[in-house]
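What follows is a short report on a single structure.
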Amino acid sequence: MVAAWLMRVPNRIYFRHGLVYETSRGLKRIILMNVDRLASFCATEIVCVSPSVLKRSIEDRLAPANKQIVLGHGTCGGIDTEFKFNPALVDRQKVADLRKRWGIKESDFVIGYSGRLVRDKGIISLVRAFDMLEDADDCKLLLVGMFEVRDALPEDVKERIENDPRIIYTGFVNGGMEYYYSLMNLYVLPSYREGFPTGVLESQAMELPVLTTRVTGCCDAICDGRSGLFITHDPEDIVEKIDEIRLKHRIDGRFGREWVKEYFDCRKVWCEIEKLYK
């Protein structure tokens, strides 16, 4: 953005994918906020990827309100609900092969997550909640993602994930995520900050009920009570909401798919981006 501003490029569009400073403190937070303000100053237009990112950006005075927009209902590019994240197109034999590979029985209730395994994603709360589930011999926790050095999990939580036979840790997965969602009965993202969580949209498109927090980004990603439920970071609250899905079958995942198809299909989002650029 600075280079474009120096060279007087006439249209300088900055996509604000999230607010990384939200979980930072002290000098680091000040530096991160001011870097974002600098990029915003150099831009001619700022696209926030969710309404809550826009709201927080205005509140924190990252840029004037009239310089910032949200395209449609948000996200940076939408998801492919027709040809990729579509349960009707899933090869059941591939799902069966994955079940065999990871030791998941048809009768298991699989609580799933996809993404970086770091503190900011609420993984500590998720693992502790899983430990607290009662009458859960048939429950599995499926974590699709990789550990990272930045914002790393405590060693005891990492060891717990790697050694508990009820926790399935896949490591980095390159492609085929629709098949991992097909293994899940419930998707959980207890994040502390997001721009707009793509995994929440992908899982809803695969007709999964979702539990997520009311933080920036996540608060825009579900229809509370219809496609999912909001949770806090308290493990007891997460357990209570898991049981509402697991035992009471409160959420019908088919509504979530229709909602995501209507507002977040990539072809609709791409049209909005194309209009902006033109």
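Here the numbering used here is used: the sequence shown runs in plain steps of one and ends on residue 667. Positions of the beta carbon are idealized from the N, C-alpha and C atoms, including for glycine. Nothing here was measured: the structure is a model prediction, and the numbers come from that model.
Residue nearest to residue i in terms of C-alpha spacing, selected from the options
i	options	result
residue 471	650, 557, 665 and 660	650
residue 499	658, 656, 646 and 632	632
residue 519	390, 451, 608 and 630	630
residue 493	660, 438, 601 and 556	556
residue 412	659, 577, 601 and 584	584
residue 543	533, 513 and 586	513
residue 523	624, 580, 415 and 403	624
residue 577	591, 590 and 601	601
residue 469	521, 626, 638 and 567	567
residue 473	648, 662 and 591	591
residue 525	605, 587 and 635	635
residue 553	419, 417, 517 and 637	517
residue 609	441, 565, 581 and 486	441
residue 506	547, 466, 521 and 496	547
residue 679	586, 480, 658 and 662	An answer regarding residue 679 cannot be provided, because it is not within the stretch 390 to 667 covered by the chain.
residue 558	604, 527 and 531	531
residue 486	571, 392 and 622	571
Start and end residues, beta strand (DSSP E) containing residue i
i	result
residue 495	Counting along the chain, residue 495 falls outside any beta strand (DSSP E), and DSSP gives it neither H nor E.
residue 619	617-620
residue 405	402-405
residue 529	528-533
residue 436	434-437
residue 560	556-560
Extent of the continuous alpha helix (DSSP H) to which residue i belongs
i	result
residue 421	415-431
residue 395	391-395
residue 624	624-635
Residue i burial status per 10 Å Cβ neighbour count (16 or more: buried)
i	result
residue 459	buried
residue 397	exposed
residue 372	Outside the shown range of the chain, which is 390 to 667, sits residue 372, and nothing can be said about it.
residue 642	buried
residue 510	buried
residue 620	buried
residue 665	exposed
residue 429	buried
residue 656	exposed
residue 452	buried
residue 529	buried
residue 424	exposed
(message) Ignoring anything shorter than 3 residues, give me the beta strand (DSSP E) runs that lie fully in the segment 444-523, in order along the chain.
(response) 498-503
(message) With a threshold of 8 angstroms, are at least 3 pairs of Cβ atoms found where one atom belongs to the segment 527-539 and the other to the segment 603-613?
(response) no
(message) Could you tell me which whole beta strand (DSSP E) segments of length 3 or greater appear in the segment 572-619?
(response) 575-578 and 599-602
(message) Across the segment 587-596 and the segment 431-446, are there enough close Cβ pairs to call them in contact, namely three or more that are closer than 8 angstroms?
(response) no
(message) Taking 8 angstroms as the cut-off, does the segment 441-457 touch the segment 391-411 (at least 3 CB pairs, one atom from each stretch)?
(response) yes
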